[in-house]
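Numbering (this note's numbering), first residue to last: -12 to 386.
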Ligand code: LMR
């Protein structure tokens, strides 16, 4: 009797972030604190449907007449709206095209596959530290992740000199993955000038930039967050951008993302688009429509757009307040450097000097959940417990 094929597989460890989410849900202790997976939480610890999204959904349910296929690019209005969010206006249609994807991960995967189609097995350079799913996606596609230094762990700031030094080893055609605003996991972003200098490096090395934007609007604002990215895109002939609407529209489970392709010429854009369509056809055939339609509905309506951007602004303000309160509380526990870093960082995440053993102790002794990397989701902090959370965390900080 031949051995059944699936019995050769060994079980894999759980995904570092999704495993944490399951463990938190199973924890029955009161006053548990979830600083793990990057989802926004309000003051009640909820991740509500945004009011603008709810209204868009109401209109969609009432007005929808068919659910027939839309084609591999998805909703053209959604694609155009995301292009405007990224470029700050309509980009050059000869050079830019985009595809709706199942979430930001779908866009990342499609972008990497596109690079892989241009040059098989191409290395993908990514920041150290990075979002653990970046190397995971690259490896799953048979591509090799390479690291470039990013974070000065002593100060918690992005170290552009270290970035430039490491990117000297990039070879022509390599993919350089750069995170847009609100770097995950560090919360430390490059300045607009550094984005400009990075464009120069990518140009000089002949690299293909892949910019991952998953937290647009959660840093300093919708336009302010995109300054560096826009300067970068204006300076390079070609780039791939993955965009996620999970966090800034709160559409997590609707899997609403977009891949933007900027090519040097119309012919190159056209050819790249045929590859993207063919790859998408093999993977998911057509992207899910509901989240895209909600985003397109919001961004086509001035009042709904304002409602959405106001809601986003209040999410951003809440995160900033939590950053300040938590940074001060860490400083009050004698952790001034970590506290100052948390206050200065942007978006949902900060990376604290905490090792896996420290994170484990926090979970066992205080029901505080964070990945072993020391990354925290600031939006998961609970205002009334900030002082005690900071005390517990200060006790395991290693530097
Ligand atoms: C995170 O980094 O926590 C989020 O992007 C959620 C995820 O899918 O990992």
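From the three backbone atoms N, C-alpha and C, an ideal C-beta is built for every residue, glycine too.
Buried versus exposed, by CB contacts within 10 Å (16 or more), residue i
{"i": "residue 234", "result": "buried"}
{"i": "residue 120", "result": "buried"}
{"i": "residue 103", "result": "buried"}
{"i": "residue 370", "result": "exposed"}
{"i": "residue 168", "result": "buried"}
{"i": "residue 89", "result": "buried"}
{"i": "residue -1", "result": "exposed"}
{"i": "residue 333", "result": "buried"}
{"i": "residue 148", "result": "exposed"}
{"i": "residue -7", "result": "exposed"}
{"i": "residue 335", "result": "buried"}
{"i": "residue 77", "result": "exposed"}
{"i": "residue 28", "result": "buried"}
{"i": "residue 20", "result": "buried"}
{"i": "residue 325", "result": "buried"}
{"i": "residue 158", "result": "exposed"}
{"i": "residue 15", "result": "exposed"}
Residues that DSSP places opposite residue i in a beta bridge
{"i": "residue 164", "result": "197"}
{"i": "residue 112", "result": "133 and 163"}
{"i": "residue 370", "result": "According to DSSP, residue 370 bridges with nothing at all."}
{"i": "residue 337", "result": "363"}
{"i": "residue 89", "result": "243"}
Distance cut-off 7 Å: residue i Cβ against heavy atoms of ligand 1
{"i": "residue 24", "result": "yes"}
{"i": "residue 94", "result": "no"}
{"i": "residue 4", "result": "yes"}
{"i": "residue 120", "result": "yes"}
{"i": "residue 171", "result": "yes"}
{"i": "residue 67", "result": "no"}
{"i": "residue 201", "result": "yes"}
Check whether residue i and residue j have beta carbons under 8 Å apart
{"i": "residue 217", "j": "residue 74", "result": "yes"}
{"i": "residue 43", "j": "residue 285", "result": "yes"}
{"i": "residue 22", "j": "residue 363", "result": "yes"}
{"i": "residue 200", "j": "residue 228", "result": "yes"}
{"i": "residue 112", "j": "residue 152", "result": "no"}
{"i": "residue 247", "j": "residue 124", "result": "no"}
Closer than 7 Å: residue i CB and nearest ligand 2 heavy atom
{"i": "residue 328", "result": "You won't find ligand 2 in this model; what it holds is ligand 1."}
Examine the Cβ distances between the segment 93 to 108 and the segment 264 to 271 and report whether three or more of them are shorter than 8 Å.
-> Because the criterion of three Cβ pairs below 8 Å is met, the segment 93 to 108 and the segment 264 to 271 touch.
Between the segment 330 to 344 and the segment 279 to 294, do three or more beta carbon pairs fall short of 8 Å?
-> Verdict: no, contact absent.
Is the number of C-beta pairs between the segment 139 to 153 and the segment 79 to 96 that are closer than 8 Å three or more?
-> Segments in contact, no.
Would you be able to state if there are at least three C-beta pairs under 8 Å between the segment 310 to 329 and the segment 64 to 83?
-> Contact between the segment 64 to 83 and the segment 310 to 329 is absent, because fewer than three Cβ pairs lie under 8 Å.
Does the count of Cβ pairs from the segment 353 to 362 and the segment 183 to 193 closer than 8 Å reach three?
-> In this structure the segment 353 to 362 does not touch the segment 183 to 193; the number of beta carbon pairs closer than 8 Å is below three.
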